[in-house]
Amino acid sequence: MTSVLRSILPVSSAKSEDHDDDYSVEYSFAMEYSGPPVSQDIPQVAPVDVHRIPTAAVAARV
């Protein structure tokens, strides 16, 4: 598995701490939970309709 990930992902993150406009690569992986049953309620997230999110006219044309 490690060799597969190394062939896909960059050696290091390209995120620069100095400039916000620079090229940035961030990634994360999720693993399936295999522990004991959860005894608390899991928060539910309401679905988001991305077409109702306001955008600038310039961004809407892209």
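Just so it is clear: in the sequence shown, position 36 is 36 by full-length UniProt numbering, and no numbers are missing.
Every residue gets a Cβ at the ideal spot worked out from N, C-alpha and C, and that includes glycine.
Quick caveat: nothing in here was measured; it's all calculated off a predicted structure.
Per-residue DSSP class, three states only, for residue i
| i | result |
| --- | --- |
| V45 | coil |
| A57 | helix |
| V38 | coil |
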